[in-house]
Every structure is written in C-alpha cells, then in structure tokens.
Amino acid sequence: MNAVGYTKYLPIDDPKSLFDFTTDIPEPEPHDLLVKVEAVSVNPVDVFTRQSQKEPLKDPKIIGWDAVGTVEKVGSKTNRFSVGDRVFYSGSHVRPGCDSEYQTVDERIVGIAPHSLDNAHAAAMPLTSLTAWEAMFEQMNIDFYDRNEQNHKKSILIINGAGGVGSIATQLAHRANLQVISTAGKDETKQWELDHGSDIVVDYHDDIIKQIHDKGFKYVDYILDLRNLDAYWDEICELIAPSGTIVSITGSGKSLDMSKLKEKRARFAWEYMFTKSEFHTPDMITQHEILDKISIMLDEGNLVSTLTKQFGPINAENLRKATKLVESKQMIGKVVVANDEKEK
9 MNAVGYTKYL
19 PIDDPKSLFD
29 FTTDIPEPEP
39 HDLLVKVEAV
49 SVNPVDVFTR
59 QSQKEPLKDP
69 KIIGWDAVGT
79 VEKVGSKTNR
89 FSVGDRVFYS
99 GSHVRPGCDS
109 EYQTVDERIV
119 GIAPHSLDNA
129 HAAAMPLTSL
139 TAWEAMFEQM
149 NIDFYDRNEQ
159 NHKKSILIIN
169 GAGGVGSIAT
179 QLAHRANLQV
189 ISTAGKDETK
199 QWELDHGSDI
209 VVDYHDDIIK
219 QIHDKGFKYV
229 DYILDLRNLD
239 AYWDEICELI
249 APSGTIVSIT
259 GSGKSLDMSK
269 LKEKRARFAW
279 EYMFTKSEFH
289 TPDMITQHEI
299 LDKISIMLDE
309 GNLVSTLTKQ
319 FGPINAENLR
329 KATKLVESKQ
339 MIGKVVVAND
349 EKEK
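Residue numbers (my numbering): 9 to 352.
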C-alpha cells in the first residue's frame with residue numbers, strides 16, 4: 009500500500025521530512041477494523057511526534073491521528089461495524105497512524121462518520137471532538153445534557169478558542185448551556201469564536217483578568233487551557249472560582265505551583281485523548297460512544313465542522329503543506345488532506 013512517513017526529524021520544508029513509500033497492508037487484530045483511508049487531518053501531535061525523533065529509524069514511521077474511511081475487513085472479535093461502513097476516528101498514538109492507504113484501528117475507538125459531511129469535513133472532527141468532550145464532560149464533570157438546568161449559572165474560560173480543539177470546545181460548551189468566554193488575538197479569530205459558540209471573547213494581548221472582571225465575572229467556574237499553561241498559570245489561578253476545575257492539554261515546561269489552588273480548593277486535571285487507547289482502559293469504549301454522539305450532532309446541525317483549509321490527494325507533498333500550516337501556529341480551525349479534494 010501507499011503510505012507517508014519519516015525516519016528522522018527534518019524541517020518540514022525538506023522533501024525528506026515526510027516522504028512517500030510503500031509497505032504491506034496490515035492485517036486486523038481481533039478487535040480491529042481494516043479501513044481504507046479517504047481523508048486525514050494534521051494536528052499538533054503530528055508535529056510533536058516528528059520533532060521528538062532525533063535518532064534515525066530503520067523503517068519509516070507513519071503518523072496521523074484523524075481519519076475518515078471505509079471498513080474493508082473486520083477482526084474476529086468485532087461486533088459494532090461491518091464491511092462497507094463509513095467511519096471516522098483518531099486512533100492510537102502507540103500504533104501506526106492514518107497517513108496511509110489502509111490502517112488498522114480498534115473498533116472501540118471508532119464512530120460512524122456523519123452522513124451529512126463529505127470526507128474532508130468529517131476528517132477534521134475526531135481528535136478535537138474527543139479531546140474537548142473528555143476535557144469538559146469527563147475531567148470537569150460537566151453535565152452536557154444539563155439535566156438539573158443549572159449550567160446557565162456556570163461559566164467556562166477557553167484559552168485559545170479558535171484552534172482545533174477550541175473551535176469544537178466553544179460549540180460544545182454553548183450546547184451545554186454554559187456561559188462561554190474565550191481568548192483571541194485578532195479580529196478574524198474573535199469573530200470565528202463568536203460564530204462558534206463564545207458569548208464573550210477577550211484579547212489575550214491585554215490583561216485578561218481585567219477584561220473578564222469588566223464583563224461582570226469575578227471568577228469563572230471552569231478553565232480549559234489549550235494554549236500555554238506556563239504562560240497563563242498565574243491568571244488561571246486568579247480567575248478560577250472556589251471549587252472550580254482547571255483542565256489543560258498543553259503540558260508544562262516547569263513545575264506548577266499547586267499551592268495557588270489550595271485556598272480555593274480548586275481542582276486541576278490533564279486531558280490526554282490517547283490515554284484510553286494507549287492503556288486499554290476499561291472505559292475505552294467511551295470514545296466510540298462520544299464519536300457517535302458527535303456524528304449525530306453534526307448530522308442534526310447542532311455542531312459544525314471546523315475545517316478551514318484542505319489539500320488533496322493524500323501524499324507526502326500535501327501532508328507537508330498541511331503540516332507547515334499547523335507549525336505556523338496561526339491556524340484557525342483545522343486543515344485536512346483528502347483523496348477526493350484538491351486545494352481549497
């Protein structure tokens with residue numbers, strides 16, 4: 009099969025940073041689906057994974073953790089999908105990625121692709137939707153369905169509301185009836201966030217604490233960091249409400265002063281979307297369930313795809329173009345490479 013990979017880190021402008029090669033079609037394990045891949049998205053995790061490869065590899069490594077495709081074969085213990093099903097998923101970080109003609113993926117982390125979206129628009133959604141859902145409705149323990157009708161009294165600050173995860177987190181938070189505050193730095197990104205569920209957008213170039221106070225919020229109940237935990241830690245600790253919850257996906261380059269949260273009895277948690285598939289946790293199946301919910305909401309028009317740029321077909325040249333956009337850290341929404349699309 010055709011695939012795209014690398015053997016060591018090189019700057020993305022180097023043709024060898026990602027290159028085309030051929031390899032064997034993988035055989036599905038008992039819980040796996042063999043998927044013919046039709047569209048993929050590029051995420052920061054692709055960049056980080058490539059950059060961490062300092063020593064040359066013997067064989068090319070395939071990355072990519074957002075895909076849409078058709079089931080070609082099923083493993084002996086699968087019971088949720090059939091050959092011919094159109095599916096979407098993110099996959100596992102400890103297995104080969106989706107930048108290939110075919111991929112095997114555990115059915116417990118796969119959902120039925122939204123019928124109303126083409127391959128490119130659907131491929132933009134899995135990783136970011138899973139991350140946003142787990143961060144807010146698992147780690148923060150927010151009730152998405154607002155069964156007690158109390159969410160309208162709660163506020164959430166989403167740091168970087170126009171990125172891949174932020175663009176779906178603002179939508180989901182809005183659908184959960186929360187008061188949604190997000191950060192942006194340009195008029196274009198401010199409008200994007202307002203169009204995707206934010207009630208208030210504050211400028212991260214200025215004092216975000218003062219801006220939020222000026223909007224009538226002394227504290228916020230939840231804070232989702234999608235940008236730079238180290239840079240915002242002091243503001244986060246100042247703004248979080250007593251008994252509030254902070255979740256970050258960005259990591260930290262230094263030790264965090266957790267004592268800042270003690271007086272408020274505030275909670276902090278990491279969100280890492282690959283935990284369930286990497287450790288085969290008992291709740292691994294929830295990623296299948298989340299993706300099916302996301303698919304239904306997309307089909308019903310309650311969520312919109314965050315695709316903003318696409319290339320095609322899937323090959324090394326186009327994946328380098330997409331990766332360069334992600335590396336610029338100026339992306340609004342998501343970039344996708346699809347076999348049935350040209351550059352748009």
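By construction, the Cβ of each residue, glycine as well, lies at the ideal position given by its N, Cα and C atoms.
Exercise for the section: Could you pull the start and end residues of the beta strand (DSSP E) that G77 belongs to? Expected result: A75 to V82
Handout entry: R155 burial status per 10 Å Cβ neighbour count (16 or more: buried)
Key = exposed
Problem - Given 8 Å, three or more beta-carbon pairs between the stretch 82–94 and the stretch 47–59 - result: no
Practice task
Give a yes or no on whether the C-beta atoms belonging to S190 and I217 are separated by under 9 Å.
Solution key: no
Practice task
Taking all protein chains shown into account, decide if S98 is buried (16 or more other Cβ within 10 angstroms of its Cβ) or exposed.
Solution key: buried
Exercise for the section: Could you tell me which of E279, I164, A192 and P34 sits nearest to Q338, measuring between CA atoms? Expected result: A192
Problem - 9 Å Cβ cutoff met for S175 and K342 - result: yes
Problem - Between the CA atoms of T30 and Y354 - distance to the nearest angstrom - result: The requested residue 354 does not occur in the structure, where the chain is confined to residues 9 to 352.
Exercise for the section: Give a yes or no on whether the C-beta atoms belonging to E115 and H288 are separated by under 9 Å. Expected result: no
Practice task
Pick helix, strand or coil for L333, following the three-state DSSP scheme.
Solution key: helix
Exercise for the section: Round the Cβ separation of I188 and K198 to the nearest angstrom and send it over; I've been treating them as touching at under 8 Å. Expected result: Per the sequence presented here, residue 188 reads as Val, with Ile not at that position. Not quite, the Cβ-Cβ distance comes to about 13 Å (not below 8 Å), so this is no contact.
Handout entry: Distance CB(A47)-CB(L306) smaller than 9 Å
Key = no
Handout entry: Of the listed residues G77, S100 and V102, nearest to V91 (C-alpha basis)
Key = G77
Problem - For E243, the first and last residue of its enclosing alpha helix (DSSP H) - result: L237 to L247
Problem - Distance CB(L333)-CB(K317) smaller than 9 Å - result: yes
Practice task
Mind reading off the beta-carbon distance from D233 to T258? Whole number of angstroms is fine, and I expect it under 8 Å.
Solution key: 6 Å
Problem - Candidates K162, R94 and R88, of which the one nearest D126 by Cα - result: R94
Problem - Where G119 sits in the DSSP three-state scheme - result: strand
Problem - When I231, P134, A132 and Q61 are compared against A181, the one with the closest alpha-carbon - result: I231
Practice task
Work out the CA separation of N159 and I120 for me, nearest whole Å.
Solution key: 29 Å
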